[in-house]
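**Q** Just so we're aligned: 381 in the numbering used here is position 381 of the sequence shown, and the numbers increase by one with no gaps anywhere.
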Amino acid sequence: MRFLYPGALAAAALVGYVVFLHLVRRREFPRIQFSSLIFLRPTAARSTRKSRLEDLPLLITRALALFLLATGFARPFVPTRPLAQPTQTPGRRIALLLDKSASMRRTGIWQQAIGHARSIVESCQAQDRLCLITFDQQVDILLGFRQWMEMTPSQAKGVAMDLLDKCRPGWGQTRMDMAIMTALEAIETDMNGPASLADLASELIVISDMECPPEALEGLQGLSWPKGIKLVPIALACKAQSDATLELVSDRGQLDRQTGLQIKVASRPSSRQDRFRIRWSGSADLRPVDVYVQPGGTTVLEIPPRAIPDKLVLEGDDEDFGNSLFIVPRKARSTVVYVGASEASDPGQQPFYLRRALQASNRHLLTVQQPTSLTDEQLEATAMVVLGPGQYQDLGRLASFVQRGGLVLVAGSDLSLQMSIRRIAALQDLPSMDVDTGQAYAMIAKVDTSHPILAEFAQPRYSSFTQVHIWRYTRFDISNIQGCRPLVWLDNGDPVMFELSCGKGAIVVLAFAWSQPDSDLALSSKFVPMLYGLLEYASGLVDLPTQFFIGQALPLPDGPAVLITPDGSRMELAPDHAFGQTETPGIYVSRSDKSEQAFAVNMWPDETRPWPMVLDRLDAVGIPVANDRQSILAVSRPLPNNNWKAIEEGQGLWRPVLLACALVLLLEGALAAAMAERSVRYDS
1 MRFLYPGALA AAALVGYVVF LHLVRRREFP RIQFSSLIFL RPTAARSTRK SRLEDLPLLI
61 TRALALFLLA TGFARPFVPT RPLAQPTQTP GRRIALLLDK SASMRRTGIW QQAIGHARSI
121 VESCQAQDRL CLITFDQQVD ILLGFRQWME MTPSQAKGVA MDLLDKCRPG WGQTRMDMAI
181 MTALEAIETD MNGPASLADL ASELIVISDM ECPPEALEGL QGLSWPKGIK LVPIALACKA
241 QSDATLELVS DRGQLDRQTG LQIKVASRPS SRQDRFRIRW SGSADLRPVD VYVQPGGTTV
301 LEIPPRAIPD KLVLEGDDED FGNSLFIVPR KARSTVVYVG ASEASDPGQQ PFYLRRALQA
361 SNRHLLTVQQ PTSLTDEQLE ATAMVVLGPG QYQDLGRLAS FVQRGGLVLV AGSDLSLQMS
421 IRRIAALQDL PSMDVDTGQA YAMIAKVDTS HPILAEFAQP RYSSFTQVHI WRYTRFDISN
481 IQGCRPLVWL DNGDPVMFEL SCGKGAIVVL AFAWSQPDSD LALSSKFVPM LYGLLEYASG
541 LVDLPTQFFI GQALPLPDGP AVLITPDGSR MELAPDHAFG QTETPGIYVS RSDKSEQAFA
601 VNMWPDETRP WPMVLDRLDA VGIPVANDRQ SILAVSRPLP NNNWKAIEEG QGLWRPVLLA
661 CALVLLLEGA LAAAMAERSV RYDS
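(1) In its own chain, which residues sit with a C-beta less than 8 Å from the C-beta of Met443, not counting the 5 before and 5 after it?
(2) Of the residues Pro42, Leu64, Leu37, Val78, which one's Cα is nearest the Cα of Ile647?
(3) Give the range of the beta strand (DSSP E) segment to which Ser590 is assigned.
(4) Ends of the beta strand (DSSP E) at Val206?
(5) Per DSSP, Pro486 is paired with what?
(6) Among residues of its own chain, excluding the 5 on either side of Asp376, which ones have a beta-carbon nearer than 7 Å to its beta-carbon?
(7) On the CB-based measure, 16 or more other CB atoms within 10 Å of its CB, does Arg62 come out buried or exposed?
(8) Can you have a look at Ala65 and say buried or exposed, based on whether 16 or more other CB atoms are within 10 angstroms of its CB?
(9) Counting Cβ pairs closer than 8 Å, one from the region 448-455 and one from the region 525-540, do we hit at least three?
(10) Check the DSSP bridge columns for Val435 and list the partner residues they point to.
(11) Would you decide whether Lys504 is buried or exposed? Buried here means 16 or more other CB atoms lie within 10 Å of its CB.
(12) Touch check for the region 163-172 and the region 99-108: three-plus C-beta pairs under 8 Å?
(13) Would you report the Cα separation of Ile421 and Ala522, rounded to the nearest angstrom?
(14) State the CB to CB distance for the pair Leu231 and Val625, rounded to an integer number of angstroms; the pair is presumed to be in contact (CB under 8 Å).
(15) Rounded to the nearest angstrom, what separates Ala240 and Leu314 at their Cα positions?
(16) Less than 6 Å between C-beta atoms, sequence neighbours within five positions excluded: which residues of the same chain meet that for Asp290?
(17) Determine the extent of the alpha helix (DSSP H) in which Ser267 is found, giving its start and end residues.
(18) Could you spell out the range, first to last residue, of the beta strand (DSSP E) harbouring Leu312?
(19) Go ahead and pull the three-state DSSP assignment for Pro347.
(20) Under the DSSP definition of a beta bridge, which residues are partnered with Met384?
(21) From Arg655 to Gly72, what does the alpha carbon distance come to, in whole angstroms?
(22) Quick one: what does DSSP say Ile481 is sitting in, helix, strand or coil?
(23) From the DSSP secondary-structure annotation, give me the bridge partner or partners of Arg92.
(24) Less than 8 Å between the C-beta atoms of Gly406 and Val385, yes or no?
(25) In this structure, how does DSSP classify Ile303 when only helix, strand and coil are distinguished?
(26) Taking the Cβ atom as the reference point for each residue, do Leu554 and Ala578 lie within a distance shorter than 8 Å?
(27) Would you kindly work out how many angstroms separate the C-alpha atoms of Ala506 and Pro304, rounded to a whole number?
(28) Roughly how many whole angstroms lie between the Cα atoms of Leu143 and Leu9?
(29) Determine the DSSP secondary structure at Lys711, reduced to helix, strand or coil.
(30) Can you tell me the Cα-Cα spacing of Ser524 and Pro351, whole angstroms?
(31) Are the beta-carbon atoms of Val664 and Leu68 separated by less than 8 Å?
(32) Mind checking Phe457: buried by the 16 CB within 10 Å criterion, or exposed?
(33) Would you please state the rounded distance, in angstroms, between the beta carbons of Ile94 and Glu185? I believe it to be under 8 Å.
(34) Could you tell me which residues DSSP puts in a beta bridge with Lys446?
(35) Does the separation of the CB atoms of Ile263 and Leu286 fall below 8 Å?
(36) Which same chain residues end up closer than 8 Å to Ile229 when comparing Cβ atoms and leaving out the 5 residues on each side of it in sequence?
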């Protein structure tokens, strides 16, 4: 005999309680005084050893009633036929998807996932087929349907169990749409195999925390779900009661050492803690910052930056996941090199105004260099090179600088500059002509404010250039030059500022000098905004970003380099090789003969945010989801249990057991009444 719910037999332990009541119960007999005994000396009653159990028939009936009641609720049955013969069921085709994204690292979730996966593998029968797939932002088929069938059932289960034991959650983001599409393709490929497999019931089981952004399901939009395939989700929950996370709000491309860091602290609705602390991991001298966040809310605060790469740590919650944020300040390549024979102290020369314009910010430094003293090391730390008039024999370094992503500003109407533009841009011909307006002057009539250099002048109150007067300039014919974009035009239609794209960088040509006798641009209010527009544009071309997410490739310098990963391992990288194996959060450092650059790699913010469950969104895109409890539990319960229930329902042994229990209770009542009547008669 077997029991469908053997746990109910624990109620039979109440029999012991009944025996205990019979043991502690002692009947008190009345004392009768006889007058003939009043002169005798009283003595203690002599004790004799005998059983203290009284009313044994009543005790037996009560114990039997409790035992029958517990047996009835345990649902007994007798397995009179074989359980789940392989010839009786066609079997199942199971595609098991196991989420290994970063959010699965929260407390207790991965252990739950592996437990469910192992239970499903163990429940597979000889006629079943299973495909094991793991996914985050990439999808990996660990065990295919064909591989499963090439082994015996016991061997296939053993291989699947070994693969599950080796699985670990990663740090990538969740792309459930890619995983489901891959599983559907594997199922349909297997369905198109031998005809004997056509009757197999297909199930797509997803084991996940079911928290992902809407973008993670974009690939399922408009999908025509195949008939006969059931999607069975198994949602997992984190055991931590208080959980808060960190997120960088500041623009990843604008981090520097002068501006504070905008940090967002988010708390999950289930959190019981509302006070946290943020501190820098690498410095004990900096005081931690206290922050208040109500459960389910967010708070944005400014954290003083550090000049070196470091890690922000959140303290005060029960969950370590999402409590670290790696920060690398961006190296401002702020050096502006003026190449020419002019002196910076001469008010009649361009460097004089350039130096004073850059004094408005401590982020930029002007260096005036002779053409022969310019080195590769200086160009490596340079944001922009301003090329003034002069005779230059070797412009190869500037040409390489532009090809690597640098910006060269050529300003002036000197004939030597026209030759320099051709040599740097490798142009066969650049038709030009010097124009001198004499006593009259030309004015700027049109500005392309869609270009980042001139975007500051898009507002109407800044768009007028009538205060700028131009007496001498160079007229360039750029109509037949590829990669050339005019930016500024005079009132006569001549372009006086244009951009030449060269490799990864650019050459910006200003056809006149900003100092007299060419123009009075340096004395106008347009000079400083235009100059800083050039510097911002140069930073976008040259500066290397320092903040990345898991899976993004790190831009490395030209030439051989050594990359140091967060765990301290060193990797030799070939020239012009980008490193894309950013699989772990932390600080990555690239070292070459010329430079050293640090990069911060963090989790995708989507993995730490409390997204709503995806089950409703799956229903919205037309995917049938088996979201009832019986369907979900059926995949993780061994198949014989389903037959046991059918056998028990067919036999119905609990009915006669409970009927016998009722009869015993009637007998117990009759015995109790008879014994009570005898006791009353004895006392009287």
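Note that CB positions come from ideal geometry on N, CA and C, so glycine has one too.
None of these values were measured; they are calculated from a predicted model.
**A** Walking through what the data contain:
(1) Residue mapping note: residue 443 aligns to position 443 of the sequence shown, counting from 1. When the five nearest sequence neighbours on each side are left out, the beta carbons in the same chain lying within less than 8 Å of the beta carbon of Met443 are those of Phe465, Thr466, Val468, His469, Ile470, Leu490, Asp491, in order along the chain.
(2) Numbered from 1 along the sequence shown, position 647 holds the residue referred to as residue 647. Selected option, being the one with the closest Cα: Val78.
(3) Numbered from its first residue, the sequence shown carries residue 590 at position 590. Here the beta strand (DSSP E) through Ser590 covers 586-591.
(4) Numbered from its first residue, the sequence shown carries residue 206 at position 206. Start and end: 201-208.
(5) For the purposes of this step, residue 486 is taken as residue 486 along the sequence shown, with counting starting at 1. Looking at the DSSP assignment, Pro486 forms a beta bridge with Phe498.
(6) Here residue 376 refers to the residue found at position 376 of the sequence shown. Arg397, listed in sequence order.
(7) Counting from one through the sequence shown, the residue named residue 62 turns up at place 62. Taking every protein chain shown into account, the CB of Arg62 has 16 or more other CB atoms within 10 angstroms, so this residue is buried.
(8) Counting from 1 along the sequence shown, the entry for residue 65 is found at position 65. So Ala65 counts as buried.
(9) Taking one beta carbon from each stretch, the region 448-455 and the region 525-540 have 3 or more pairs nearer than 8 Å; the two touch.
(10) Here residue 435 refers to the residue found at position 435 of the sequence shown. In the DSSP secondary-structure assignment, Val435 is bridged to Tyr473.
(11) In the sequence shown, the residue the question calls residue 504 occupies position 504. Exposed.
(12) Contact holds between the region 163-172 and the region 99-108, because three or more Cβ pairs, one in each stretch, are under 8 Å apart.
(13) As a working mapping, residue 421 is identified with position 421 in the sequence shown. As a working mapping, residue 522 is identified with position 522 in the sequence shown. Roughly 23 Å between the two C-alpha positions.
(14) What you label residue 231 is simply residue 231 of the sequence shown in a count that begins at 1. What you label residue 625 is simply residue 625 of the sequence shown in a count that begins at 1. Confirmed, Cβ separation roughly 5 Å.
(15) Counted from its first residue, the sequence shown places residue 240 at position 240. Counted from its first residue, the sequence shown places residue 314 at position 314. Their Cα atoms are separated by approximately 15 Å.
(16) As a working mapping, residue 290 is identified with position 290 in the sequence shown. Only residues of its own chain outside the window of five on either side were considered, and among them Arg277 have a CB closer than 6 Å to the CB of Asp290, listed in chain order.
(17) For the purposes of this step, residue 267 is taken as the residue at position 267 of the sequence shown. Unbroken run through Ser267 is the beta strand (DSSP E), 261-267; no alpha helix (DSSP H).
(18) Position 312 of the sequence shown, counted from the first residue, corresponds to residue 312. According to the DSSP assignment, Leu312 belongs to the beta strand (DSSP E) that extends over 310-315.
(19) By 1-based counting over the sequence shown, the position of residue 347 is 347. In the structure shown, the three-state DSSP call for Pro347 is coil.
(20) Within the sequence shown, residue 384 is the residue found at index 384, counting from 1. Answer is Val336, Leu407, bridged to Met384.
(21) Here residue 655 refers to the residue found at position 655 when the sequence shown is read from its first residue. Here residue 72 refers to the residue found at position 72 when the sequence shown is read from its first residue. Arg655 and Gly72 have their alpha carbons spaced roughly 7 Å apart.
(22) Taking the first residue of the sequence shown as position 1, residue 481 is located at position 481. In the structure shown, Ile481 sits in coil (DSSP, three-state: anything other than H, G, I, E or B).
(23) Position 92 of the sequence shown, counted from the first residue, corresponds to residue 92. Paired residue(s): Ala201.
(24) Walking along the sequence shown from the start, residue 406 turns up at place 406. Walking along the sequence shown from the start, residue 385 turns up at place 385. Val385 sits close to Gly406, with the two beta carbons spaced by under 8 Å.
(25) The residue you call residue 303 lines up with position 303 of the sequence shown. The DSSP-derived three-state label of Ile303 is strand.
(26) Along the sequence shown, one-based indexing puts residue 554 at 554. Along the sequence shown, one-based indexing puts residue 578 at 578. With respect to Ala578, Leu554 sits close: the two C-beta atoms are nearer than 8 Å.
(27) Here residue 506 corresponds to residue number 506 of the sequence shown, with the count starting at 1. Here residue 304 corresponds to residue number 304 of the sequence shown, with the count starting at 1. Each residue's alpha carbon lies about 35 Å from the other.
(28) In the sequence shown, residue 143 corresponds to position 143, counting from 1. In the sequence shown, residue 9 corresponds to position 9, counting from 1. As the crow flies, the alpha-carbon of Leu143 is around 42 Å from that of Leu9.
(29) In this structure the chain extends from 1 to 684, so residue 711 is not present and cannot be described.
(30) Walking along the sequence shown from the start, residue 524 turns up at place 524. Walking along the sequence shown from the start, residue 351 turns up at place 351. Ser524 and Pro351: Cα-Cα distance of roughly 16 Å.
(31) Walking along the sequence shown from the start, residue 664 turns up at place 664. Walking along the sequence shown from the start, residue 68 turns up at place 68. Going by C-beta atoms, Val664 is nearer than 8 Å to Leu68.
(32) On the sequence shown, position 457 is the one that residue 457 refers to. By the neighbour-count rule (16 or more Cβ atoms within 10 Å), Phe457 is buried.
(33) Start at 1 with the first residue of the sequence shown, and residue 94 comes out as number 94. Start at 1 with the first residue of the sequence shown, and residue 185 comes out as number 185. Between Ile94 and Glu185 a beta carbon distance of about 15 Å is seen, past the 8 Å cut, so the two are scored as non-contacting.
(34) One-based indexing of the sequence shown puts residue 446 at position 446. Paired residues: Trp489.
(35) On the sequence shown, residue 263 is found 263 positions in, with the first residue counted as 1. On the sequence shown, residue 286 is found 286 positions in, with the first residue counted as 1. Contact annotation: Ile263 and Leu286 have beta-carbon atoms that are not nearer than 8 Å.
(36) Working through the sequence shown from its first residue, we reach residue 229 at position 229. Scanning its chain for C-beta atoms nearer than 8 Å, with the 5 sequence neighbours on each side dropped, one finds around Ile229 the residues Leu184, Ile187, Ser202, Glu203, Leu204, in chain order.
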